[in-house]
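Notes for the one structure printed next.
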Amino acid sequence: MPDPFADLLLRLRQDAGRTQEEQAEAINSVSGRDTMTRREISRYENFENIPTNHTIGHIAAACGVPFEELQREAKAARARKGKGHTNAGENQDAVKRRTLLGGAAAELWGRLAIALSKGSKIDSPSAGAFIDRAAELHVQELNLSTRRLQSTVESHLDAITAALPRAGEHERALTIAAGETAALAGWVAWDLGEHDKADAYYKVTSQCATTAGHPPLRALALTYSSYGASTPKVELEFLFQAASDVRGHGNATAAAWVLGRYAEEAAAAGDEMGALRALERARFAYDFADHTSEQAWVRFVTPYRMDSLALSVYGQLGRPELTATADTAVDRLGDELPDGGVVVLGDLASALLRGGDVDQGVYASRQFAAAAQAKPNTMGKDRASTIAALLPDSEQELSRHLRQFAS
3 MPDPFADLLL RLRQDAGRTQ EEQAEAINSV SGRDTMTRRE ISRYENFENI PTNHTIGHIA
63 AACGVPFEEL QREAKAARAR KGKGHTNAGE NQDAVKRRTL LGGAAAELWG RLAIALSKGS
123 KIDSPSAGAF IDRAAELHVQ ELNLSTRRLQ STVESHLDAI TAALPRAGEH ERALTIAAGE
183 TAALAGWVAW DLGEHDKADA YYKVTSQCAT TAGHPPLRAL ALTYSSYGAS TPKVELEFLF
243 QAASDVRGHG NATAAAWVLG RYAEEAAAAG DEMGALRALE RARFAYDFAD HTSEQAWVRF
303 VTPYRMDSLA LSVYGQLGRP ELTATADTAV DRLGDELPDG GVVVLGDLAS ALLRGGDVDQ
363 GVYASRQFAA AAQAKPNTMG KDRASTIAAL LPDSEQELSR HLRQFAS
């Protein structure tokens with residue numbers, strides 16, 4: 003017969019509704035490392051191997067059960083394995099006892115269930131691991147492929163969801179971390195063209211913000227949502243509310259991003275005064291910002307991204323500030339394209355073409371086409387479509403290539 007601890011690990015995975023591969027991803031999400039595999043989960047469940055205490059902690063967090071309880075059962079399993087009390091060699095009285103309790107795993111699971119019913123909660127290290135991992139994922143957005151990021155983000159959201167009922171004193175912090183993870187899941191889904199899925203994630207992010215009483219989290223959902231809003235009016239309404247949600251100390255980078263997005267959409271709507279005022283406020287906020295030490299989800303608001311927003315605004319409005327801003331953006335990009343540089347190149351190319359600098363605009367468009375092909379995403383495709391419409395007749399081949407990429 004299989005060992006009761008192996009049965010317990012199997013039951014934990016099944017109760018979470020996961021395949022072995024999904025269980026491995028959930029554990030990797032908690033640990034922050036891609037070391038757990040489906041094969042190793044299978045080895046645990048077949049009692050070919052017993053996880054270390056370090057891994058036990060990650061399994062407990064991923065399944066939302068107390069670490070101490072799971073650790074105690076693992077210790078007992080190691081003792082049984084050491085004495086050879088496995089499979090056919092196990093004491094028949096123990097087999098009968100577990101059978102009476104309703105199955106091989108019932109005794110162990112029953113003890114865990116009792117522990118949970120007595121109010122066992124997620125401990126501080128586990129809560130901290132969830133929160134740190136949520137923050138790390140927002141940083142990884144800059145260098146992971148969208149498809150790979152989606153699997154990782156959704157696994158972590160699954161793990162936090164399992165832990166929330168046992169959050170105890172950490173409930174608010176974990177709710178915020180869950181909302182931040184859901185927002186990133188929504189953004190990734192939108193980037194992959196799964197817009198209905200993205201909307202659902204944004205809605206649950208806003209619910210987390212309300213539950214936790216944390217307005218900046220709603221600002222994150224609203225600003226992401228603004229990219230796919232149904233009308234320009236709705237976009238501006240989302241961004242106006244988001245700007246209100248990030249007022250106050252510790253939100254300078256978030257405010258710069260939200261106001262920059264408002265400026266971009268106001269420019270697209272033809273509101274020159276509103277766009278310039280919002281861009282000025284965004285730049286002022288960014289002067290006091292530190293995108294590496296505020297909320298994790300503002301890591302992408304780099305100086306490159308601020309250049310991109312300014313280029314978008316000045317290009318759409320045909321402002322004279324465009325030339326100097328373009329020069330600054332090119333100098334900042336340098337010879338090696340940084341993370342997030344695809345969007346900057348796209349905004350640079352379209353801004354130059356709108357501003358009448360055709361030669362430089364075409365040059366930037368070619369650079370953008372190569373970079374966007376290497377790192378395809380929704381924002382890149384959107385900019386490809388815009389650039390294709392602005393290119394001169396002499397660049398029909400490049401225009402056709404960008405249209406095909408955008409479709």
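In case it helps, this note's numbering puts the sequence shown at residues 3 to 409. Glycine included, C-beta positions come from ideal geometry on N, C-alpha and C.
- Boundaries of the alpha helix (DSSP H) harbouring residue 139: 126-142, taken from the DSSP string.
- Under the 10 Å beta carbon count, residue 318 is surrounded by 16 or more other beta carbons and is classified as buried.
- Following the DSSP letters along the chain, one finds residue 188 inside the alpha helix (DSSP H) bounded by residues 173-193.
- Residue 354 is not a Cβ neighbour of residue 346, given a cutoff of 9 Å.
- Judged by their CB atoms, residue 386 and residue 407 are nearer to each other than the 9 Å cut-off.
- Within its own chain, the residues whose Cβ lies closer than 8 Å to the Cβ of residue 240, once the five positions on either side in sequence are excluded, are 224, 225, 227, 228 and 231, listed in chain order.
- Segment contact: the segment 305-324 against the segment 266-282, three or more CB-CB distances shorter than 8 Å; contact assigned.
- Across the set 169, 56 and 234, the C-alpha of 169 shows the shortest separation from the C-alpha of residue 66.
- Non-local beta-carbon contacts of residue 220 in its own chain, meaning distances under 8 Å to residues more than five positions away in sequence, involve 207, 208, 211, 212, 243, 244 and 247 in chain order.
- If the five residues before and after residue 58 are omitted, its C-beta is found closer than 6 Å to the C-beta atoms of 72, 73 and 76, all from its own chain and listed in chain order.
- Between residue 215 and residue 249, the C-beta gap is not smaller than 9 Å, which leaves the two residues out of contact.
- Three or more beta-carbon pairs separated by less than 8 Å are not found between the segment 329-336 and the segment 282-291, which leaves the two stretches without contact.
- Taking a 10 Å sphere around the C-beta of residue 127, we find fewer than 16 other C-beta atoms and assign the residue as exposed.
- Annotated three-state conformation of residue 401 is helix, per DSSP.
- Residue burial annotation: residue 16 is exposed, with fewer than 16 other C-beta atoms found within 10 angstroms of its C-beta.
- For residue 177, the CB contacts under 6 Å within the same chain, skipping 5 residues up- and downstream, are 210, 213 and 214 in chain order.
- Scanning the segment 17-100 from its first residue to its last, the whole alpha helix (DSSP H) runs of 4-plus residues come out as 22-33, 40-47, 55-65 and 69-85.
- Between the segment 19-29 and the segment 123-137 there are fewer than three inter-stretch CB-CB distances shorter than 8 Å, so the stretches are not counted as touching.
- With respect to the 9 Å criterion, residue 283 and residue 311 are not classified as neighbours on the basis of their beta carbons.
- A Cβ-Cβ distance of about 18 Å is found for the pair residue 348 and residue 320, leaving them out of contact under the 8 Å criterion.
- In the DSSP annotation of this structure, the continuous segment of the alpha helix (DSSP H) that includes residue 262 starts and ends at 254-270.
- Counting the other CB atoms within 10 Å of its CB gives residue 56 a total below 16, which places it among the exposed residues.
- In the structure shown, residue 232 adopts coil according to DSSP, grouped into three states.
- Between the alpha carbons of residue 327 and residue 309 lies a gap of roughly 7 Å.
- Of the residues 149, 382 and 83, the one whose Cα lies closest to the Cα of residue 191 is 149.
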